[in-house]
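In my numbering, the protein residues as written are 1339 to 1554.
Note that beta-carbon positions come from the ideal geometry of N, C-alpha and C, so glycine has one too.
Data first, discussion second: the structure below is written as structure tokens.
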């Protein structure tokens, strides 16, 4: 597998994330199998985060040059759309009521459609544009935040907002390509990977808590 030295951290960090996501999905399904809706939403979330970390690790495993237009680069960018919508799905389903629930879920997955189209027709769109779309998707939840938080425990709320902060910092780092600490060894992209891992862990803990509370 042609992994360049400077890509090793990016490959192995998200390979670890993919393995953890797969194991985490198994545990999530076990705690969410009290209902069909719990099982389906848990699988949607689990598959989306496994896709995210798997696509990222494979992109960096086979990456030969910067800004290459490869299959795995397209999957890497597309997987972020799936991860955001997949994370919103169980949260919206169990923490929102009435029209807010389905309208927010539909909105998120419609943007996944935008992501699919972008990778077919506009794969060379600038990373700043993608970063803006990702951040918009994530923070669109602000419009339903009051109802969402009212249906969560304090710990779940803290985990959700902390995870959002981690992903936001990561998105900004990804967009501006800074800080460049030790170029070629550990720089902005490696830091971006760490922030994604942190955000993923925090949101997994939040979602696991939601399922545990509902199944209690």
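Residues that residue i bridges to, as DSSP identifies them
i	result
residue 1480	Answer is none; residue 1480 lacks a bridge partner.
residue 1524	1520
C-beta atoms of residue i and residue j nearer than 7 Å
i	j	result
residue 1408	residue 1352	no
residue 1485	residue 1434	yes
residue 1419	residue 1450	yes
residue 1478	residue 1540	no
residue 1414	residue 1380	no
residue 1497	residue 1533	no
residue 1387	residue 1421	yes
residue 1511	residue 1535	no
residue 1428	residue 1468	no
residue 1416	residue 1453	yes
Inter-residue Cα distance where the pair is residue i and residue j
i	j	result
residue 1347	residue 1402	15 Å
residue 1368	residue 1445	28 Å
residue 1356	residue 1399	14 Å
residue 1361	residue 1504	22 Å
residue 1466	residue 1472	10 Å
residue 1516	residue 1525	8 Å
residue 1494	residue 1470	26 Å
residue 1538	residue 1458	27 Å
residue 1474	residue 1480	10 Å
Classification of residue i by the beta-carbon crowding that lies within 10 angstroms, buried from 16 upward
i	result
residue 1411	buried
residue 1436	exposed
residue 1364	exposed
residue 1522	exposed
residue 1397	buried
residue 1519	exposed
residue 1548	buried
residue 1354	exposed
residue 1460	exposed
residue 1463	exposed
residue 1372	exposed
Cβ of residue i within 7 Å of any chain B Cβ
i	result
residue 1539	Reference to chain B is not applicable here, since this structure consists of a single protein chain.
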